[in-house]
Amino acid sequence: MDLWLIGELALTGALVGLMYALVALGIVLVYKTSGVANFAQGAIAMTGGYATWAFATLLGAPLFLAIPLALATMFAVGFLIERAVLRHMVGQPVIMIIMVTFGMEIFLRGVMPGLFGVSVKRLDLGIPQAPLFVGEMLINRAYLIGGLASAALIVAAIVLFNSRAGIVMRAVSDDQGASWSVGIRVERAIAIAWGLSAGSATAAGILWGATQGVDWSLSLLLMKALAIAILGGLDSIPGVLLAGLIVGVCESLATGIVDPLVGGGTRDIVASLIILMTLLVRPYGLFGREQIERV
Amino acid sequence: MKLDRRDFLAGTAAMTLSAAGTAPAFAQDKVVKIGMPMDFTRVYTFVTAEYAQGHRDYLTLINDSGGAGGYKILADITDHGNDIPRAIEAYERMKREGAVLIDPLSTPVARALVPRALEDKINMVTTLSGRSDAADGEVFPYVMPLSPNYWTQAGILIDYFRQVDKDLKGKKIVLVHIDTPFGKEPIPIYQALSEKLGYSFQTFPYAPPGNDQAAIWPQVRRAQPDWVIFWGAGVGQTTALSEAVRNGLKMDRISSSVWLSESDMEVVGKDACKGVIKFEAAAGGRDPKVIQAIVKDVIGKGKGAGPEAKVGTSYYNIGVMMAAIVAEGVRKAAEKAPNGPVTGPWLNAGIQSIENFTADGMLPGITVTAKDHQGGGRGRVARWDGAKFVPQTDWFAANQDLVWAEIKKYSEEFKKTGK
Amino acid sequence: MLYRRAGIRHTSYRHERMLWPLPFDRTLVGVIAAFLLAAPFLIDRLYLVAYLLPWLIWSAAALGLNLLMGGAGQIHLGYGAVMAIGAYTSVHLVRAGVPFELAMLAGGLASAVIGMIFGVAALRVKTLYLAMSTLAMQYIVDFVIAHVPAISGGTQATIQVPPVRFLGLRIEGDIATYYFALAVCAVVMLFMLNVQRTGFGRALAAVREKDYAAEVIGVDTFKFKLLAFWTSSFIGGVVGAVLVVCYLRSVSPDQFHIDLSVQIVAMVIVGGLGSVLGSFFGAALILFAPIVLNNAVAALTSAAGLPLSADLRAHIPLMLYGALIVGFLVLEPLGLAKIYDNIRNYFLVWPFRYARR
Chain A
33 MDLWLIGELA LTGALVGLMY ALVALGIVLV YKTSGVANFA QGAIAMTGGY ATWAFATLLG
93 APLFLAIPLA LATMFAVGFL IERAVLRHMV GQPVIMIIMV TFGMEIFLRG VMPGLFGVSV
153 KRLDLGIPQA PLFVGEMLIN RAYLIGGLAS AALIVAAIVL FNSRAGIVMR AVSDDQGASW
213 SVGIRVERAI AIAWGLSAGS ATAAGILWGA TQGVDWSLSL LLMKALAIAI LGGLDSIPGV
273 LLAGLIVGVC ESLATGIVDP LVGGGTRDIV ASLIILMTLL VRPYGLFGRE QIERV
Chain B
19 MKLDRRDFLA GTAAMTLSAA GTAPAFAQDK VVKIGMPMDF TRVYTFVTAE YAQGHRDYLT
79 LINDSGGAGG YKILADITDH GNDIPRAIEA YERMKREGAV LIDPLSTPVA RALVPRALED
139 KINMVTTLSG RSDAADGEVF PYVMPLSPNY WTQAGILIDY FRQVDKDLKG KKIVLVHIDT
199 PFGKEPIPIY QALSEKLGYS FQTFPYAPPG NDQAAIWPQV RRAQPDWVIF WGAGVGQTTA
259 LSEAVRNGLK MDRISSSVWL SESDMEVVGK DACKGVIKFE AAAGGRDPKV IQAIVKDVIG
319 KGKGAGPEAK VGTSYYNIGV MMAAIVAEGV RKAAEKAPNG PVTGPWLNAG IQSIENFTAD
379 GMLPGITVTA KDHQGGGRGR VARWDGAKFV PQTDWFAANQ DLVWAEIKKY SEEFKKTGK
Chain C
2 MLYRRAGIRH TSYRHERMLW PLPFDRTLVG VIAAFLLAAP FLIDRLYLVA YLLPWLIWSA
62 AALGLNLLMG GAGQIHLGYG AVMAIGAYTS VHLVRAGVPF ELAMLAGGLA SAVIGMIFGV
122 AALRVKTLYL AMSTLAMQYI VDFVIAHVPA ISGGTQATIQ VPPVRFLGLR IEGDIATYYF
182 ALAVCAVVML FMLNVQRTGF GRALAAVREK DYAAEVIGVD TFKFKLLAFW TSSFIGGVVG
242 AVLVVCYLRS VSPDQFHIDL SVQIVAMVIV GGLGSVLGSF FGAALILFAP IVLNNAVAAL
302 TSAAGLPLSA DLRAHIPLML YGALIVGFLV LEPLGLAKIY DNIRNYFLVW PFRYARR
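Chain order of the listed sequences is A, B and C. All residue numbers for the first sequence refer to my numbering, where the first residue is 33 and numbers rise by one. All residue numbers for the second sequence refer to my numbering, where the first residue is 19 and numbers rise by one. All residue numbers for the third sequence refer to my numbering, where the first residue is 2 and numbers rise by one.
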């Protein structure tokens, strides 16, 4: 087999996987602190992409201003979602909460294209299109920058979780009752986690929007992000990093190597198969903590 | 009694239900009603808004100048969100209101409505989509593509390559397509032509919706093709083009189906993709006389159905094209039976007698017969020059014998097993 | 006053086990049944074909899923795939010449077997992880159907359903298909109404509450979880076959995507987990809300003449639909069935409201 091709596919796959991992980071953050699986994460990434485009194009703000503005706005949006919707669903069965997030996804998919128009929007980050060659491997500049940015953000999240604020959130995710009793403001920690999750979704939305244009299909990032979150462990942030790399590389290699044999689109199946394998072999993921149900 | 949240819910429900089922009432004669339930919100978002705008503007133009053959055409445009129950409800409702033509602009919906349209004798227009074998008017009397289907588009693209390269023997042609029935549809034609003309043909499917093609284009680059065709829709097209640019492929050897528009080129970067080719079914831009008439009489008088910036874009012009063909069909039907009751068969007879209709030079001459519902299968190839699509050839038809062999193959099967 | 509860005396155990002990309830059910039976002759064809028929079919599907989610407490996000398997199997068998009665049952059996394999995941993981694994299986089944030409029908990927006969009657046109769907829905509904009273239903309830506790008292969770998936998938397969024959009349892979699965889950949850009436209410809301909202928005904007962009006008129903789902779940998590229950409890003692417990 052509080693250069495999190398190139693996490298591109790793970078793309990191970009998906950014969305998964949001899912893990929310699950870690409030125990909710946020199926609206893809829609929030889409909203973030639209918000950035709105600031950059409609209001004409330069990029270095538009991006922080969008991040701040989406942080507030995440905060609001937690306050307005999830607060009322405390204690309900998991399936209800999943359904609420589905409902939010539909709502956001209606609001954003409705307000801003359905045509694909251009989000220009100023990344040059010219190819970059290392040996015989071509490295896609957009994916390179996207992947590195995602990796940086995920590492920042890991560092954050070792800081004081991070320890607060870890305490909340461990045991909410005990956190209350030592004086931690649990509601605020959860709301901040939702805000951060929305922020990371926005970053992902910006990076993906730069590669493919901003439209409703950004909300489809959800499935891959879920696969990564489950493989890495739904409550482990370093797991997101490793799982992102694994899922990205597997998908890329599958497209390159298995597709010609099978005759088509194995990419989507890779994510589903990874989920199934993980759940059957090691349900809590690579780094997840096993949940022991006590009688 | 304290108003609590349950009362609020009940009140909202009552208010919504009371507004349900209302429909605008039309009380005129000499009116042809057509129903256009389309997908504004789910999958076909990239084309529907502009298509509907073009359609509406043309109908306003026609109706303001007295209608087609004395008949005003009224279009009821709603959203079905690519959801079959909603589409069937819209179809039944429009049928009850007397629609004689339905335009769903969605392949799955068109497929689902085919049995009903054939049974109820209501004309169904499937623009550039739907069942490709519906071009066979004998098996599908009431399903009318009225536009080149994907097989025809494939045939014309290959013929254009042959015209440029003089001889395709030994060349390599690659198809990057979305891994759905729509993307796989032209493959039999490409394969048949590869045997006939001697080029080698390779396919690279990508998973729908196509926003992640990072693993496909390096392979395409390595295959070192002479010609690349990308066959997708919406975000699949912009991603494909961006990836092609980033992989350093030569733009003037890359071609697309009809689903490529100015907004796609803007997302990728207008200068970055200079030279890309696409298939054109109707003349683009604001040059055609019909578009100029619309700009003057409809937009100028403030009756435009959408933003003015979209007038003259590819999908807007396709909308105008289909509206023009339908209006011509009405005119012909009125010629045959001026007072005839407006029914499906009435309009059907009119559409099937359209001859060499060019809409003042915007279309290749469309001729619809009882056997050929495709309209002749003519199109042309246009190239992006950085600001607009410039036609490279005249209107021509190519490889129609191969296309019709495919059409007959599938329509025979439908005739055997359908109703 | 309406729900007379006085004077109802049971003289046998069988009498005491009635589904609807109050005469008002029985009359209500009778009226609705009579209306549904006479519907083709009473109401407009549009409402029959576009509203009543899909409602019956989707309610039957929601009932099937309710057995699994409300009865056994398992989450299943892949019900669309189950229906797809049933639909494709029965259509292929009918085209091969097998009589429709057998083809329908065979479709149900194929779904049941494959659905049971889905259920293997339930033995390993719970709640959210189970939801994810059923979601993954939905995608895999989608992929298999779309990529195996023998199943999906080649490039055109649409298979026409040939005319079928059930017990000698032709299932074609509006009226026959309506009655057939009504019959299937009635059978599924009767099954669901009575399953809670059987040993099977009680075992599922035990598994739903706490499966290891059920194991302790002797209920074989392994067997009953798999049986729950088997039964629910059988119903799903049969309903899938009915859906394709009566309503869609052609089968293609994009009719059974994740959207359908999420739609049916939404029907079950918004209607009320475990409630038969709730499945009907939920199906009506989820199915009709987009249509009704679309018509309402169109009527309001044309009446009020608001200059909204076409994009916004088309997306407002979607926004309202999402908000509706979120609103119902936040305000009344027990679903529409609970709202009905509250109304019924109010009228149960009306006008003597002080008598309400």
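The beta carbon of each residue, even a glycine, is placed where N, CA and C say it ideally should be.
Figure out for me which residue from the options has the closest Cα to the Cα of residue i.
i	options	result
F165 of chain A	A:G80, A:R314, A:E40 and A:L35	A:E40
E261 of chain B	B:F64, B:V194 and B:P199	B:V194
P103 of chain B	C:L325, C:V217, C:G109 and C:V245	C:V245
A301 of chain B	B:T96, B:G397 and B:T125	B:G397
R74 of chain B	B:F432, B:A251, B:I312 and B:G368	B:I312
A206 of chain C	C:T222, C:Y355 and C:L191	C:T222
L321 of chain C	A:I269, A:R141 and A:A108	A:R141
V276 of chain B	B:A400, B:M162 and B:V316	B:A400
R299 of chain A	B:A232, B:E326 and B:R304	B:A232
T411 of chain B	B:T331, B:T376, B:G347 and B:E298	B:E298
A345 of chain B	B:N366, B:S332 and B:N265	B:N366
Y248 of chain C	C:L332, C:Q161 and C:P334	C:Q161
I171 of chain A	A:V214, A:A225 and A:T44	A:T44
S234 of chain C	C:L278, C:K211 and C:A113	C:A113
L250 of chain A	A:E137, A:Y175, A:S182 and A:Q161	A:E137
D34 of chain A	A:G92, A:G276, A:I289 and A:S304	A:I289
A316 of chain B	B:G188, B:G358 and B:T78	Looking at the sequence shown, residue 316 of chain B is not Ala but Val. Considering only alpha carbons, the answer is B:T78.
P159 of chain B	B:T144, B:A172, B:Q171 and B:T170	B:T144
Using beta-carbon positions only, say whether residue i and residue j come within less than 9 Å of one another.
i	j	result
V208 of chain C	V196 of chain C	no
M283 of chain B	L259 of chain B	yes
G116 of chain B	K202 of chain B	no
L266 of chain A	Y316 of chain A	yes
K214 of chain B	A405 of chain B	no
A303 of chain A	M255 of chain A	yes
I301 of chain A	F257 of chain C	no
A107 of chain C	L94 of chain C	yes
Please report how far the alpha carbon of residue i lies from the alpha carbon of residue j, in whole angstroms.
i	j	result
F281 of chain C	W56 of chain C	8 Å
F248 of chain B	P163 of chain A	20 Å
L110 of chain C	A88 of chain A	56 Å
A45 of chain B	I265 of chain C	Annotation note: pLDDT 41 at A45 of chain B (below 50); position unreliable, coordinate value reported separately. Taking the straight line from one Cα to the other gives about 41 Å.
T40 of chain B	A297 of chain C	The predicted model places T40 of chain B with a pLDDT of 44, which falls under 50 and marks its position as unreliable; any figure quoted below should be read in that light. The alpha-carbon atoms of T40 of chain B and A297 of chain C are separated by roughly 7 Å.
A28 of chain B	L278 of chain B	Note on A28 of chain B: pLDDT 48, under 50, position unreliable in the model; the coordinate value appears next. Cα to Cα, the separation comes out at about 47 Å.
M144 of chain A	L43 of chain C	43 Å
V55 of chain A	E280 of chain B	30 Å
F58 of chain B	A323 of chain B	15 Å
S276 of chain C	G87 of chain B	58 Å
V447 of chain B	T361 of chain B	Outside the shown range of chain B (19 to 437) lies residue 447 of chain B, about which nothing can therefore be said.
G18 of chain B	F64 of chain B	Residue 18 of chain B cannot be examined here, being either before or after the span of chain B that is shown, 19 to 437.
P42 of chain B	R60 of chain B	Legend: pLDDT at P42 of chain B = 44, less than 50; position of this residue unreliable, value from coordinates given subsequently. C-alpha separation (whole angstroms): 25 Å.
G116 of chain C	S284 of chain A	30 Å
V350 of chain C	T28 of chain C	18 Å
V127 of chain B	P199 of chain B	14 Å
G71 of chain C	F353 of chain C	34 Å
If residue i and residue j are in contact, beta carbons under 8 Å, what's the gap, nearest whole angstrom?
i	j	result
I14 of chain A	M133 of chain C	This structure cannot settle anything about residue 14 of chain A, because the visible part of chain A is limited to 33 through 327.
G87 of chain C	A242 of chain C	5 Å
G74 of chain A	A230 of chain A	Contact doesn't hold; Cβ gap of about 12 Å is too wide.
L68 of chain C	M193 of chain C	6 Å
M131 of chain A	I270 of chain C	5 Å
A233 of chain A	I76 of chain A	4 Å
M51 of chain A	A197 of chain A	The pair is not a contact, with the Cβ atoms about 26 Å apart (cut-off 8 Å).
Please list the partners that residue i has in chain B, where partner means a Cβ-to-Cβ separation under 8 Å.
i	result
D291 of chain A	F222 and P223
Taking C-beta pairs closer than 8 Å, name the residues in chain A that residue i reaches, listed in chain order.
i	result
G116 of chain C	None at all; the shortest Cβ gap to chain A is about 15 Å.
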